[in-house]
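S.K.: Residue numbers (this note's numbering), protein chains in the order written: chain A, 2 to 1286; chain B, 8 to 127. Glycine residues also receive a C-beta, built at the ideal position from the N, C-alpha and C atoms.
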Amino acid sequence: MADPASTPLGKMLLEEITPVVMVLCTPYVEESCLKNGLSLIQLLSPFCDFTNIDVPVRTASDQPYRLRKFKLRLFYSSDIRQPNLEVAKERLKKVITHVGEKNFLESSDPSQVNNLLSRPESEMLPSWFQFFNKELVRTLSFSDHEAFDHPVACLLVVSSKDDEPVNRFVDLFNTNKLPSLLNDGAMDPKIMKHYLLLHDNQDGPFNKATKLLADMRNAFGQNDCQIICFNSSQDGKIHHQDNPWAPFKSDALPTENLGGFLNLDDLNEIKDFMQELSSKHIIPYMEQKIRVLNQQVSATRKGFRNQIKNLWWRKGKEDTIDTPNGPVYTFNSIESQIRILGDYAFMLGDYELALSNYRLISTDYKLDKAWKRYAGVQEMMGLTYFLLDQSRKDAEYCMENAFNTYLKLGSAGRRNTTRCGLWWAEMLKTRDQLKEAATVYFRICGEDTLHSAVMLEQASFCYLLSKPPMLHKYGFHLVLSGDHYKKCDQIKHAIRTYRSAIPVYKGTTWSLIKDHVHFHIGQWYALLGMYDVAVTHMLEVLASTHQSKTTQELFLRDFLQIVQKTGKTFEVLKLQLPVINISSLKVIFEDQRTNASAAAARVKESLWRSLEEDIIPSSTARSNWLELQSKIMPRKYKESNICVAGEALKVDIEFKNPLQIPISVSSVSLMCELCANPEEDANSSNNEVQNNEDRTSTSSGDINSCLILSEVDFSLEGGETTVVQLTVTPRIEGILKIVGVKWKLSSAVVGLCNFEFNPVNRVVRGRRKQHSPSSDLKFLVIKSLPRLQGFIHSLPEKTYAGDLWPLVLELSNQSKSPVKNLKMKISNPRFLYAGNQKELNADFPACLKKKMNVEKSGRHANVNKTLQNLYHFPEDISVQEETSLSWPLWFHAAVPGNIPLYITIYYEMEGVSSIMKYRTLRMHYNLQVLPSLDVSFQLSTRPSRSQEFLLRMDVVNKTSSECFQVHQLSSVGQQWEISLLQPVDSILPSQSLFAGQSLSCFFMLKDRRRSSTSEDSIPSLSHIQSDVRLGPQDNSEAFFDVSSSPLADFHDCERSSRGMSSQGCEYKVDFVFITQLLKGNSDSSSNTPLVFSHHACDCSPSSMSPISWLVDGPRTIQHNFSAPPCEVNLKMTITNSSDAIASVHINTFDSPSSNNQLINDATTSQPPEHQSGWSEIPIVNDTKIITTEALTTRVPKSLSLESVPQFIWSGTSSTKLVLQPRSTAEIPLQICVFTPGIYDLSNYILNWNLTPVNDGENQGEANKSSGVCQGYPYYLSVLESNFKD
Amino acid sequence: MTTTACFIIVSRNDIPIYEAEVGSAAKREDAAQLPQFILQAALDIVQDLAWTTSAMFLKAIDKFNDLVVSVYVTADRTRFMLLLDSRSDDGIKSFFQEVHELYIKSLLNPLYLPGSRITS
């Protein structure tokens, strides 16, 4: 470490602990000094500091040494007393306030912690700390327990103007006027005196003064009298280059004129005088005093004898005096003398001597319990150790001891504690023990909050400067210090400290801390009236979600108060309240695509596009359209979105309240820019930009007339999230840009949020690949176009499956020009179907009924349309201006579930816009279809009649409350004849199905086509029989016509949706089951009964094969078994109903085991598809499994009936034959029976193989190219006939 | 006697990941941030001390007025900091050990991202 004297503490000590000279002067002296703007002391002070005095000093030891640095402190006698506490405090406060003002104005915020550290140390540490500390130490000067502030000498100054100067000198040193220190015995009143005669050259000639000097010399001695002539300059205009008085002038007066009457000679004279005073008088005097005192001390206290004596004596004294401040020591007590000796030695730089004396005295004071003196001595010991640079530990120990002792004294030692602490901390800082220094500073904090604040701030800087920097501690102490500053109304200081703490806490997640800091800065700025800054800080804490509800309320309330005080509405760019979810931003706009409802806008664009693929003009048209567009618009805007003037753009945005308290948000609106279309000056881009800007500025004036912005008000409860739809409607053509959103919080603060640089989640446009986000919010506004509005009347939201209902689509055109060429596409033709215009006013459900003169011409034309889901409105249909068009639609709830319906309507405008030729209207509805009736059909062949089938229909009412009235069952097509097996009254007397009820019906189904081929009859009149009435038989109501629109159309849709061809094939029957829901039921408000139709497609008999056969023969035979075995002749008729040549192979088995074996083989080898029977729903798996199971279970049963065959097949066991398409053959069969009984002749199988003729015209048949059929039971009773031999 | 206690788990990035305030002393609205301040300031000292000892429990390392900060440093430099106005080293130590176990359990949770906020 460097020389301790050159450290800050060393310098301070050398400055502060120096001999004091008491100055006594007459008013005339002051008067002449004041001519220069200075008091006497101020005049002399610059010359009291000697940096190189070079005086030989000999103190107690014989070895002299040279003193380099020396300083005198001059004080008026009136100032030599303990300073008034209040005044001192006031002065310190002023110092701080002054600094506060100054620093506050020039404060620049370090934004980063790194910046904070990178700055040089000197810059970081506020310089006023030093000054403040000095002032603080000075408040303690002239205490009675320390000797270094006691005047060493007395300087008596008399002006030559005074009358009888010699007498004046005597008067001056009058005991009445002397400070109390000298009078109350704490200090030796016999101090060295020096007499100075001051002569003002302006007042008269010098010779009078010399005469006076001679008188003085006579009176006071030759050496102690001196004269100074000054104010030699007459005009007072002397300007000193570097004014020596400037630093001594504390107040803020201008310093230029200081010493204006002093010329260089005067200055030199003063300087010489001071030098002489210190070197020739004061130092020798001190030396002498030291020597004298040292001798006394040695005589009384040194040596073994004296020590013992001292101890003894002190012990005796102990019980006599016990004042709280310890015993009172007068100046001539040995203790005081030792202290003086020590202090003098310290001042003269003889630290060894000082230390030994301090040690000596400290034990005495300790024994005497004179704690204040003890602490003072300890303090000095610490400083001496420090200056000697010997034992750090000792120095620290002493300082700590002193500090604690002062602390023990309580309030009396309070300020001493402070001084001691300051020195101690300074000492530690010198030794780079910054952390310890900081704790010392922290300990200094006491009752005086202002001082504590400064100390804490100093502590914080210690932490900052320590290595490594302890930033957290730094911030913490700054905040603590700020709190203290605030307590003593030093708001500017408080703000300053808090602000310097901000970089420490920036970006921290210690949220409470951050809120605290920002909130208080904001509050304090508000107190100072700087509302703008206050608001910025308050903004930081607004969205503090973690705080308690009351705190959030407090924050918000204060914030709003501050904002109110500003008196204007603030526009805050990033207001955190409420939080805007930028990613939720959705822009919904309509170019050529228009939406009928908000629901339609939310549907994915791809869905619409796939739907619209067929109806919008093809790619060639589109490229034309693009070309057209690029010709018209500058390249820059080619990519911007298009919207139409007068039509609203909708922006969905999500607001969230992060707080627990409700907030109210009002006037939420979009911020938009609209500038007129730069169509005309599209040639040069430079020009264009220029013009754009001009136009923007000009048009901003009348922006209100060009744009209509919606305003939304809402309030958010704590934690609530809400989506707000904002709209903007441009009214003129041009470029519209959505800039952002703005809102008003609690009708006080306007929050702005720019969308500019945020990625926008765009909904409507997905066609183009990549764009800068800003272009997404830029729209080309084109001239107003017709826009159709569409609505479907009375479309139910909730219905039962099977519901059939006419609807009306209403398209209205609000604009001035007609639209034409309408096309409509429906996503789900099973549910919606466009009707004919003439059906509009038809009577429902009567129009569905069969009429006698039905013509069926239009049907096939319809089929084509339905397949494409596309409906062309007739050419001549157009929607004229300001009219509306109604169009019938048929609705059929085909399947239960939640069904989305998408309808898009295409239309063309004529000659309105060159950019947009057509538009589409999109409609979206959601339906909830509840299950109603579950209808299933089962078809089985009638074994005996190959052309007849048994149809079983199972109906279950699955609703919870509805009651359906069954009406009719129809088969589609004309080739099937259907008839009831039993009258419906016997099955269902009420003709209605109640909730949960089920119904099974059996019908007979006849293949009329086959019968026609066999019978060759004419099938003209019998098509009515394809319907069966299930309702009241006596009802003369007509059947619903399933072969005409819309039932037929819906049936086709059903078929196509199930992936079946529309061509009905043989053995597959489609059924339509129609019921009615009676009027007066809860759901139906209308009077007409609701019609429900249920469609079943492609019912085919289970295990149906193209080959059918019939075993024919006698059923009962009487035979005498005593005769040779009975032979029975049977005939098998095999029919090939397919269009292919079939080869049939009949195997008969006698043994059941082999039969079983073969069956198993057959079932395993056979692809399971061929066994599948009818399928009502596309899911084939279930039914298939059931049928195979049914088959396998049936086999063992039939075998078990007949464990031992009592008969054998006679003749061939295997017969093979080839059947031509659609032909029949007969095969004779023969069995031999040995015993009477009942025989089941089912143990044979038919293997058949189809060889397709020419091409596979019929896919279904061609697939089924081979199969195995189990013989069906044929029971033969053989009886014993006894009657005849 | 009223006691205040504030317990904070600080991740290695000096981010508090768990905060709990217990104690019978009436919570003062204006001093809610004080424990945070004290504990955060103590981080500096932990920084120094953690490298001087191999023990995880650092005992009482800092105090502010009568509030004592006790710290426990886990192997991944996560710090458990407890602010108490009464000291009983043994009790605090066992408390920290229990917390450490619980902390490890939450670390083992595959859905927990180390360094993120612990919610429970």
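Can you name the residues of chain B whose CB is closer than 7 Å to the CB of lysine 474 (chain A)?
M.R.: Result: Ala48, Asp51.
S.K.: Would you list, in sequence order, the uninterrupted alpha helix (DSSP H) runs of no fewer than 4 residues that lie entirely inside the region 15-87 of chain A?
M.R.: Counting only runs of 4 or more, we get 28-35, 41-45.
S.K.: Looking at the C-beta of isoleucine 125 (chain B), does it have a partner C-beta in chain A at a distance below 8 Å?
M.R.: Output row for isoleucine 125 (chain B): interface = no.
S.K.: Taking a cut of 8 Å between CB atoms, which residues from the region 508-542 of chain A lie near chain B?
M.R.: So the list reads Thr509, Thr510, Trp511, Leu513, Ile514, Asp516, His517, given in the order they occur along the chain.
S.K.: Which residues of the region 469-503 of chain A have a Cβ closer than 9 Å to any Cβ of chain B? Give them in chain order.
M.R.: Residues passing the 9 Å Cβ filter: Pro469, Pro470, Met471, Leu472, His473, Lys474, Tyr475, Gly476, Phe477, His478, Val480, Leu481.
S.K.: Ignore the nearest five residues each way along the sequence and tell me which others in arginine 69 (chain A)'s own chain have a CB closer than 8 Å to its CB.
M.R.: If we look at arginine 69 (chain A) and ignore the five residues flanking it on each side, its Cβ neighbours are Thr52, Asn53, Ile54, Asp55.
S.K.: Beta strand (DSSP E) containing arginine 416 (chain A): first to last residue?
M.R.: Not the beta strand (DSSP E): arginine 416 (chain A) falls in the alpha helix (DSSP H), residues 415-431.
S.K.: According to the neighbour-count rule (16 or more other Cβ atoms, all chains shown, within 10 Å of its Cβ), is valine 855 (chain A) buried or exposed?
M.R.: At valine 855 (chain A) the pLDDT is 43, less than 50, meaning the model places this residue with poor confidence; the figure from the coordinates comes in the next sentence. Its Cβ having fewer than 16 others within 10 Å, valine 855 (chain A) is exposed.
S.K.: State the beta-bridge partners of leucine 1131 (chain A) as determined by DSSP.
M.R.: Paired residue(s): A:Leu1230.
S.K.: Tell me the rounded alpha-carbon separation between isoleucine 733 (chain A) and valine 645 (chain A).
M.R.: So the two alpha carbons sit approximately 9 Å from each other.
S.K.: Closer than 8 Å between beta carbons: that is the criterion. Which residues of the region 13-30 of chain B meet it against chain D?
M.R.: Here chain D cannot be found, since the structure's protein chains are A and B.
S.K.: Quickly, what does DSSP pair tryptophan 977 (chain A) with across the bridge? List them, please.
M.R.: For tryptophan 977 (chain A), which the question treats as bridged, DSSP gives the partners A:Asp1008.
S.K.: Leaving aside the five residues before and after arginine 518 (chain A) along the sequence, list all residues of the same chain whose C-beta is less than 8 Å from its C-beta, in chain order.
M.R.: The residue you asked about is not arginine; residue 518 (chain A) is valine in the sequence shown. Around valine 518 (chain A): Val480, Tyr499, Ala502, Ile503, Tyr506.
S.K.: Could you check the C-alpha separation between methionine 23 (chain A) and leucine 156 (chain A) for me, to the nearest Å?
M.R.: Rounded to whole angstroms, methionine 23 (chain A) to leucine 156 (chain A) spans 6 Å at the Cα level.
S.K.: Mind checking which residues open and close the beta strand (DSSP E) that includes proline 504 (chain A)?
M.R.: From DSSP, proline 504 (chain A) is part of no beta strand (DSSP E) but of the alpha helix (DSSP H) over 492-506.
S.K.: Can the beta-carbon of phenylalanine 1072 (chain A) be found less than 8 Å from the beta-carbon of phenylalanine 1208 (chain A)?
M.R.: No.
S.K.: Between serine 816 (chain A) and phenylalanine 792 (chain A), what straight-line distance do the alpha-carbon atoms span, to the nearest angstrom?
M.R.: Each residue's alpha carbon lies about 17 Å from the other.
S.K.: Using the C-alpha atoms, what's the distance from asparagine 822 (chain A) back to phenylalanine 656 (chain A)?
M.R.: Rounded to whole angstroms, phenylalanine 656 (chain A) to asparagine 822 (chain A) spans 43 Å at the Cα level.
S.K.: Taking 8 Å as the threshold (beta carbon to beta carbon), is glutamate 105 (chain B) in contact with chain A?
M.R.: No - not a single Cβ of chain A is within 8 Å of the one on glutamate 105 (chain B).
S.K.: Chain A beta carbons: is any one of them nearer than 8 Å to that of phenylalanine 44 (chain B)?
M.R.: At least one chain A Cβ lies under 8 Å of phenylalanine 44 (chain B).
S.K.: Please classify lysine 779 (chain A): does DSSP put it in a helix, a strand, or coil?
M.R.: It is a strand residue.
S.K.: Shortest alpha-carbon distance to phenylalanine 1040 (chain A) belongs to which of A:Val967, A:Phe71, A:Ala154, A:His1052?
M.R.: Of A:Val967, A:Phe71, A:Ala154, A:His1052, the residue nearest in Cα terms is A:Val967.
S.K.: Exposed or buried, what is tyrosine 486 (chain A) when buried is set at 16 or more other beta-carbons lying within 10 Å of its beta-carbon?
M.R.: Buried is the call here.
S.K.: Please list the terminal residues of the continuous alpha helix (DSSP H) segment that includes asparagine 202 (chain A).
M.R.: First-last for asparagine 202 (chain A): undefined, no H or E at that position.
S.K.: Name, in chain order, the residues that DSSP records as bridge partners for valine 378 (chain A).
M.R.: Paired residue(s): none; valine 378 (chain A) is not in a bridge.
S.K.: Comparing alpha-carbon positions, which option in A:Leu833, A:Ala495, A:Ser62, A:Cys1127 lies nearest glutamine 296 (chain A)?
M.R.: Nearest C-alpha to glutamine 296 (chain A): A:Ser62.
S.K.: Quick one, are the C-beta atoms of lysine 430 (chain A) and cysteine 399 (chain A) less than 8 Å apart?
M.R.: Contact flag unset, no.
S.K.: Give me the residue from A:Leu708, A:Glu718, A:Thr1134 with the minimum Cα distance to leucine 737 (chain A).
M.R.: Leucine 737 (chain A) has its Cα closest to that of A:Leu708, out of A:Leu708, A:Glu718, A:Thr1134.
S.K.: If we ignore side chains and look at the alpha-carbon of each, how far apart do aspartate 935 (chain A) and asparagine 829 (chain A) end up?
M.R.: Cα-Cα distance, rounded: 21 Å.
S.K.: Pairs of beta-carbons, one from the region 579-591 of chain A and one from the region 884-899 of chain A, closer than 8 Å: are there three or more?
M.R.: The region 579-591 of chain A is not in contact with the region 884-899 of chain A.
S.K.: Rank A:Asn168, A:Cys34, A:Ser1057, A:Gln726 by C-alpha distance to the C-alpha of asparagine 219 (chain A) and give the top, closest one.
M.R.: Ranking the options by Cα distance to asparagine 219 (chain A), first place goes to A:Asn168.
S.K.: Among A:Tyr375, A:Leu361, A:Arg360, which residue has its Cα nearest to the Cα of lysine 367 (chain A)?
M.R.: Residue A:Tyr375 is the option with its Cα nearest to lysine 367 (chain A).
S.K.: Residue range of the beta strand (DSSP E) that asparagine 269 (chain A) falls in?
M.R.: Here asparagine 269 (chain A) belongs to no beta strand (DSSP E); instead the alpha helix (DSSP H) covers 265-277.
S.K.: Taking only runs that begin and end inside the region 885-922 of chain A, name each unbroken beta strand (DSSP E) of 3 or more residues, in chain order.
M.R.: Whole beta strand (DSSP E) segments, 3+ residues: 885-893, 898-910.
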